[in-house]
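S.K.:
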Amino acid sequence: MNVRLSREADRAEMLAIINAAAEAYRGVIPADCWHEPYMPAEELATEIGANVVFWVAEQERQMLGVMGLQDKGDVTLVRHAYVAPAKQRKGVGQALLRHVRALTAKPVLIGTWAAASWAIDFYERNGFALVSDEEKERLLRRYWSIPARQVETSVVTWRRLDLVPGRRAEGHHR
Ligand SMILES: CC(C)(COP(=O)(O)OP(=O)(O)OC[C@H]1O[C@@H](n2cnc3c(N)ncnc32)[C@H](O)[C@@H]1OP(=O)(O)O)[C@@H](O)C(=O)NCCC(=O)NCCS
Numbered sequence: 002m003n004v005r006l007s008r009e010a011d012r013a014e015m016l017a018i019i020n021a022a023a024e025a026y027r028g029v030i031p032a033d034c035w036h037e038p039y040m041p042a043e044e045l046a047t048e049i050g051a052n053v054v055f056w057v058a059e060q061e062r063q064m065l066g067v068m069g070l071q072d073k074g075d076v077t078l079v080r081h082a083y084v085a086p087a088k089q090r091k092g093v094g095q096a097l098l099r100h101v102r103a104l105t106a107k108p109v110l111i112g113t114w115a116a117a118s119w120a121i122d123f124y125e126r127n128g129f130a131l132v133s134d135e136e137k138e139r140l141l142r143r144y145w146s147i148p149a150r151q152v153e154t155s156v157v158t159w160r161r162l163d164l165v166p167g168r169r170a171e172g173h174h175r
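Numbering of the sequence shown is given in the numbering used here, commencing with residue 2 and proceeding in unit increments.
1. Helix or strand or just coil, what does DSSP make of R160?
2. Could you tell me the alpha carbon to alpha carbon distance between L78 and D122, rounded to whole angstroms?
3. Helix or strand or just coil, what does DSSP make of P166?
4. Which residue from E43, Q63, P148 and L16 puts its Cα closest to that of E33?
5. At a cut-off of 7 Å, is W145 close to ligand 1 when judged by its beta-carbon and the heavy atoms of the ligand?
6. Kindly indicate which residue of V76, P38, A13 and E9 has the alpha-carbon position closest to the one of A23.
7. I'd like to confirm something about F129: is its beta-carbon nearer than 7 Å to some heavy atom of ligand 1, or not?
8. Give the C-beta separation of V67 and I19 to the nearest angstrom, bearing in mind that I take them to be a contact with Cβ-Cβ under 8 Å.
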């Protein structure tokens, strides 16, 4: 498996993977947060325009998954992590996460739907921990541009050993 930077010509394949993998959310996330396609082409273009740098995992030229990294000054966000349904639970997500995580020395934050228990499990297995509700609200409002409803229905995970700016030092981390 190879992880490489995405290219303009990858867009259609990336969208196909994102929207197929996002089917996992159907009937799981709140109905008012679901829309179809989950990610329209214009939204992907907007995200790329907002400096989300997408990496793709591939094997023998077949795209297996995508993951974006967005620099936000004092932290880096992992955005839009999706593995093709037939290729899930084979380590592709882990390979992508390890790859992007190693590209930054800043604290890494990842937001996902509170109802996506499998994704939370995936991030926890990879060394990320859920932040408190209070911390989540603060981080989502500071670093993400998402509607209030999505703040309410999301969680944020962060790397246990990272220091999140503004987070009080005592007892929260080693
Ligand atoms: C979450 C996701 C990116 C992980 O990628 P992956 O290649 O499947 O993950 P890995 O193979 O590296 O790790 C697998 C682990 O992730 C968790 N996991 C992934 N998919 C799961 C599922 N459908 N059900 C339960 N656990 C799941 C489990 O802990 C699993 O370990 P296990 O197979 O030993 O139980 C991928 O499953 C996906 O695209 N899911 C749908 C979309 C999504 O939730 N994206 C996250 C957006 S923030």
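From the three backbone atoms N, C-alpha and C, an ideal C-beta is built for every residue, glycine too.
Small disclaimer: the values here were computed from a predicted structure and weren't measured.
M.R.: According to the structure data:
1. In the sequence shown, counting from the first residue as 1, residue 160 sits at position 159. Strand at R160.
2. Position 77 of the sequence shown, counting from 1, holds the residue named residue 78. Position 121 of the sequence shown, counting from 1, holds the residue named residue 122. One C-alpha to the other measures close to 18 Å.
3. Within the sequence shown, the letter at position 165 stands for residue 166. Correct three-state label for P166: coil.
4. As a position in the sequence shown, residue 33 is number 32, starting the count at 1. The amino acid at residue 33 is misidentified as Glu; the sequence shows Asp. Ranking the options by Cα distance to D33, first place goes to P148.
5. Residue 145 sits at position 144 when you count from the first residue of the sequence shown. W145 Cβ: outside cutoff for every heavy atom of ligand 1.
6. Counting from 1 along the sequence shown, the entry for residue 23 is found at position 22. A23 has its Cα closest to that of P38, out of V76, P38, A13 and E9.
7. In the sequence shown, residue 129 corresponds to position 128, counting from 1. Outside the cutoff, so no.
8. In the sequence shown, the residue the question calls residue 67 occupies position 66. In the sequence shown, the residue the question calls residue 19 occupies position 18. Between I19 and V67 the Cβ distance is about 6 Å, and since that is below 8 Å, they are a contact.
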